[in-house]
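Residue numbers (my numbering), protein chains in the order written: chain Y, 589 to 685; chain C, 589 to 685; chain D, 589 to 685; chain P, 589 to 685; chain R, 589 to 685. Even glycine gets a Cβ: it sits at the ideal position worked out from N, Cα and C. Just so you know, these numbers come straight off a predicted model, no measurement behind them. Here is the structure we will look at, set down as structure tokens.
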Amino acid sequence: MVLAKVVGTVVSTQKQPNMEGIKLLLLEKIDPVTIKGKNDFIVSLDTVGAGLGEIVFYASGSGARQTSETQGVPTDASIVAIVDSIVKDGVFTFQKK
Amino acid sequence: MVLAKVVGTVVSTQKQPNMEGIKLLLLEKIDPVTIKGKNDFIVSLDTVGAGLGEIVFYASGSGARQTSETQGVPTDASIVAIVDSIVKDGVFTFQKK
Amino acid sequence: MVLAKVVGTVVSTQKQPNMEGIKLLLLEKIDPVTIKGKNDFIVSLDTVGAGLGEIVFYASGSGARQTSETQGVPTDASIVAIVDSIVKDGVFTFQKK
Amino acid sequence: MVLAKVVGTVVSTQKQPNMEGIKLLLLEKIDPVTIKGKNDFIVSLDTVGAGLGEIVFYASGSGARQTSETQGVPTDASIVAIVDSIVKDGVFTFQKK
Amino acid sequence: MVLAKVVGTVVSTQKQPNMEGIKLLLLEKIDPVTIKGKNDFIVSLDTVGAGLGEIVFYASGSGARQTSETQGVPTDASIVAIVDSIVKDGVFTFQKK
Chain Y
589 MVLAKVVGTV VSTQKQPNME GIKLLLLEKI DPVTIKGKND FIVSLDTVGA GLGEIVFYAS
649 GSGARQTSET QGVPTDASIV AIVDSIVKDG VFTFQKK
Chain C
589 MVLAKVVGTV VSTQKQPNME GIKLLLLEKI DPVTIKGKND FIVSLDTVGA GLGEIVFYAS
649 GSGARQTSET QGVPTDASIV AIVDSIVKDG VFTFQKK
Chain D
589 MVLAKVVGTV VSTQKQPNME GIKLLLLEKI DPVTIKGKND FIVSLDTVGA GLGEIVFYAS
649 GSGARQTSET QGVPTDASIV AIVDSIVKDG VFTFQKK
Chain P
589 MVLAKVVGTV VSTQKQPNME GIKLLLLEKI DPVTIKGKND FIVSLDTVGA GLGEIVFYAS
649 GSGARQTSET QGVPTDASIV AIVDSIVKDG VFTFQKK
Chain R
589 MVLAKVVGTV VSTQKQPNME GIKLLLLEKI DPVTIKGKND FIVSLDTVGA GLGEIVFYAS
649 GSGARQTSET QGVPTDASIV AIVDSIVKDG VFTFQKK
């Protein structure tokens, strides 16, 4: 899964019917050491109630549809977890406040 | 999903039979902040009636076939939404006119 | 799908049994604006009778197996269309002769 | 599969229910010749009891769910092996101590 | 499929049970024109008896599991053919000795 930050939202009224009611979030991939954005963005469905500014990870490909919220939905990216903390080599690089 | 702009069309008469009648659009991936093209193109099936110049996002991989229009079609990219607006960090970076 | 040019062939006698009888073509990905090769190559199965020098697009991933010719074959790339023309921003960038 | 080193852990309480109880590891992809990190990270599920500092390889995409531990879980990366040794051109580039 | 050269082996005792007995090879992706390595490596299962130094191509993603040897195995890359020859623009760039 890829670590990313929720940086915005995408609105669409003309879309595939089974996408109705699922939040579309704009994610920026992050470096898990510096927690800085990599200027690389994707649109992801949200399945865990992620909010603006939160660090999350998303499942890509068919993995994005292995949830009750996204089964059968034409998605290739779904947030599946909100991150509490990241530890690299014994040191916290991120802790949710 | 990946944000892109519809920049053209691709025509093919000699193709897989179940691609008949589905529009083939040329997409250029965009930066969601500047909305500028990234000079990176793909051919996508259209499932939502997208038109030239519109900002869309497409599902890639097997996600591209989770629609009634594209089920069983040998595609790896299908437009699944026309974008109305993109907001990053509380600021509109795109609003459909 | 990705636009590419048929630039050669690959021959293999020792291969997975259900690949027998399917042509293996060498493709070079192209820029759809200049129609020039990008020096990025893949091996693809052919399902539409594509010939040397033709511009095609191929489906990648599981999409490559959604054809009667390639179902169940261990492929991740299959040519699914021969391109007649590409139009970008109202201008032909390619027309088959 | 991709070779990587286990460099840390990721903790999440708000996540997809069937991810409960599966360890989330932070992996850094490595060069298999120098065994050095490539500063390219992913979050992976662990299915083989991998520990910090170990060299592993993970399966990506739907391959990540072909294990009894990860079937139906929304993952796109799962560690499937702990590496004992790597030999390139007849020379060991890595041997587990 | 991607062209690559068999450059080594990877040994693992602690791995997913259904990987037992399948050879794990280290592959280096090659340029099909110069046949030189691109310093880009992956670990692949072997399904065709490929040996050190041979030029092969592998199927990635779910395509890697469309063989009797790899069905249900958590792999994302399997060698599916040993290459005899590559011809680009009418000229042999590779011929197996």
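C/Gly641 is outside the set of residues whose beta carbon lies under 7 Å from a beta carbon in chain Y. In the three-state reduction of the DSSP assignment, D/Ser648 falls in the strand class, which pools E and B. In terms of CA proximity to D/Val675, C/Leu640 leads the group C/Lys685, C/Leu640, C/Thr655.
Residue environment for D/Gly649: buried (at least 16 other C-beta atoms within 10 angstroms of its C-beta). Restricting attention to alpha helix (DSSP H) runs no shorter than 4 residues, the segment 596-665 of chain P encloses none. If you draw a straight line from the Cα of R/Phe682 to the Cα of R/Gln659, it is about 31 Å long. The alpha-carbon of Y/Ala665 is positioned some 14 Å away from that of P/Gln604.
In the DSSP annotation of this structure, C/Lys685 is not part of any beta strand (DSSP E), being labelled neither H nor E. In terms of beta-carbon proximity, P/Asp628 stays away from the interface with chain R, with every pair separated by 7 Å or more. The beta carbon of C/Lys626 is closer than 8 Å to those of Glu616, Lys617, Ile618, Asp619 in its chain, skipping five residues each way along the sequence. By the rule that beta-carbons nearer than 7 Å mark a contact, P/Lys603 touches chain Y. Bridge pairing for R/Val671: absent [DSSP]. Classified as exposed, Y/Asp677 has fewer than 16 neighbouring CB atoms from the shown chains inside 10 Å of its CB. Within chain C, the residues placing a beta-carbon under 8 Å from that of Y/Ala652 are Gly651, ordered along the chain.
Among the residues of the segment 657-678 of chain Y, those with a Cβ less than 9 Å away from any Cβ of chain C are Gly660, Val661, Pro662, Thr663, Asp664, Ala665, in the order of the chain. Close partners of D/Val644 in chain R (Cβ separation under 9 Å) are lacking, with about 16 Å as the shortest Cβ gap. At least 7 Å separates the CB of C/Thr622 from every CB of chain Y. When rounded, the separation of the alpha-carbon atoms in C/Val594 and P/Ala638 is 45 Å.
Just so you know, the alpha carbons of R/Leu591 and Y/Ile643 end up roughly 37 Å apart.
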